[in-house]
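Using our numbering, read the sequence shown as starting at 12 and increasing by one per residue. Accompanying notes for the structure given below.
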Amino acid sequence: MAHITASVYTSHVPAIGAALDQGKTGEPYWQPVFKGYDFSKQWMKDHTPDVIFLVYNDHATAFSLEMIPTFAIGCADRYQPADEGYGARPVPMVEGDAEFASHIAHSVIQDDFDLTIVNKMDVDHGLTVPLSLMFGQPDKWPCKVIPFAVNVVQYPVPSGQRCYNLGKAIGRAIASYDKPLNVQIWGTGGMSHQLQGPRAGLINKEFDNNFLDRLIADPEGLAKVPHIDYVREAGSEGIELVMWLIARGAMSAKPPKVAHRFYHVPASNTAVGHLILENQA
Ligand code: DHB
Ligand code: FE
C-alpha cells in the first residue's frame, strides 16, 4: 500500500526562484531566507519519497479567466516549467505519475469531490519554487510529482473546511493504492501577503504564527476559519493558505512530529512560512 510519511508546507514567492536561478542566495537580503531551508534540504536527502502529491495554485498560467477549475489533478507523465513572462525557469522537467494520479482521481471523485482532470499543463512558480527550496538545484528532480492545482486566485475560492475534508479523501485515496510507495503531501503558497490595492505589502506575523500553531495542533478548528478572515487578516493573497489544510487533512489522526518550523519576513511582499510534519509510525 502507498503511505503518506510526511507533509511539507512552504511559501512559493517567485522572487525566491529568481534569486536561486540568478545565483543571489548569498546576498544579505536572501541569505536568511535560504538559511531556513538548509535543514529541509538535508531532510529531503534523508527522506526522499517516491512521489510528492504537490498542492499548489496556478497563477493564471496554465489556466486563465477562460477556465477556472476549483480543484485540478495532473494525470500526465510530465509537466514543463512555465514561461511566466521572463522565459521558463532553468529547472528540470517535472515527472508525473499518471497511473497513481488516475487512481487518486478515481477514488476522490467516487468519494464525492469533483476534480478536474488535467492531462497537459505547464507548471508555474507555485509548484517549481517549493521544489527548488526543498531540493536546491539538481539536474533532475529526485522523485515523481503529482500536481494538484487549487483555485485561490479568482473568487469564489474553496473554504478551508472543504480543503481539509478533501485532504482526508486524498489520504484515503493514497492509502488504497496497491503499490508500496512512500508519499509526501505538500501544501504551498502563503503566508500573509497582499500584492495589490491600498493594502499592498500587508504582513501579519501574529496571524501567520497562530496559523502555524493551529495547523500543527488544531487543524479541525483551523479548518473552520472563514475565507473572509484570511483576506482581512492575511491579505488578499493570504487566502493561498487554505491549500495547507489539504495537506494537513491527508495526515494521520495522530499528532504529527514537527521536524522543522521556520518563519521569515520579508521575501518580496510575502511572509515566508515553512513546516515539515512527519506522520508518527
Ligand atoms: C509574490 C508572492 C506570491 O505568492 C505570488 O504568487 C507572486 C508574488 C510576492 O511576494 O512577490
Ligand atoms: Fe502566489
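A virtual CB, placed ideally from N, CA and C, is assigned to each residue, including glycine.
To the nearest whole angstrom, what separates the beta carbons of Arg259 and Pro237, a pair I think is in contact under 8 Å?
By 1-based counting over the sequence shown, the position of residue 259 is 248. By 1-based counting over the sequence shown, the position of residue 237 is 226. Going by Cβ atoms, the distance from Arg259 to Pro237 rounds to 17 Å, so no, they are not a contact pair.
Identify the continuous beta strand (DSSP E) that holds Pro158 and give its terminal residues.
Your numbering for residue 158 matches position 147 in the sequence shown. Residues 155-161.
Is Leu142 a contact residue of the ligand DHB, with contact defined as CB to any heavy atom under 7 Å?
For the purposes of this step, residue 142 is taken as the residue at position 131 of the sequence shown. Every heavy atom of the ligand DHB is 7 Å or more from the Cβ of Leu142, so no.
Span separating the alpha-carbon of Leu177 from that of Thr81:
Taking the first residue of the sequence shown as 1, we reach residue 177 at position 166. Taking the first residue of the sequence shown as 1, we reach residue 81 at position 70. Straight-line Cα distance between these residues: approximately 12 Å.
With a threshold of 6 Å on Cβ separation, who are the neighbours of His114 within its own chain once the five nearest residues in sequence on each side are excluded?
To locate residue 114, count along the sequence shown from 1; it is residue 103. Non-local beta-carbon contacts of His114 in its own chain, meaning distances under 6 Å to residues more than five positions away in sequence, involve Tyr188 in chain order.
6 Å Cβ shell around Pro103 - same chain, five flanking residues per side excluded:
For this step, residue 103 is matched to residue 92 along the sequence shown. Apart from the 5 residues on each side of it in sequence, Pro103 sits with its Cβ closer than 6 Å to the Cβ of Lys151, Trp152 in its chain, given in chain order.
Any chance you could list the residues with Cβ under 7 Å from a heavy atom of the ligand DHB, keeping chain order?
In chain order, the residues that have a beta carbon nearer than 7 Å to some heavy atom of the ligand DHB are Ser22, His23, Val24, Pro25, Ala26, His70, His136, Gly137, Gly200, His204, Leu206, Glu248, Glu251, Ala278, Ser279, Asn280, Thr281.
Check each candidate in Ile120, His117, His70 and name the one with the smallest Cα separation from Gly96.
Numbered from its first residue, the sequence shown carries residue 96 at position 85. If we check each option's Cα against that of Gly96, His70 comes out closest.
Leaving out the 5 sequence neighbours to the left and right, which residues in its chain are closer than 7 Å to Asp108 when beta-carbon positions are compared?
Position 97 of the sequence shown, counting from 1, holds the residue named residue 108. Closer than 7 Å at Cβ, skipping near neighbours: Val62, Lys155, Ile157.
Between Tyr48 and the rest of its own chain, which residues show a CB-CB distance below 6 Å, the 5 nearest in sequence each way excluded?
Position 37 of the sequence shown, counted from the start, is the residue given in the question as residue 48. Counting only residues of its own chain and dropping the five nearest sequence neighbours on each side, Tyr48 has a CB closer than 6 Å to the CB of Leu144.
Would the beta-carbon of Leu252 fall within 8 Å of that of Gly201?
Reading the sequence shown from its first residue, position 241 is the one you call residue 252. Reading the sequence shown from its first residue, position 190 is the one you call residue 201. Contact flag set, yes.
Given the structure, does Asn68 come close to the ligand FE, in the sense that its CB is under 7 Å from one of the ligand's heavy atoms?
Looking up residue 68 in the sequence shown gives position 57. At a threshold of 7 Å, Asn68 counts as near the ligand FE, since its beta carbon sits closer than that to one of the ligand's heavy atoms.
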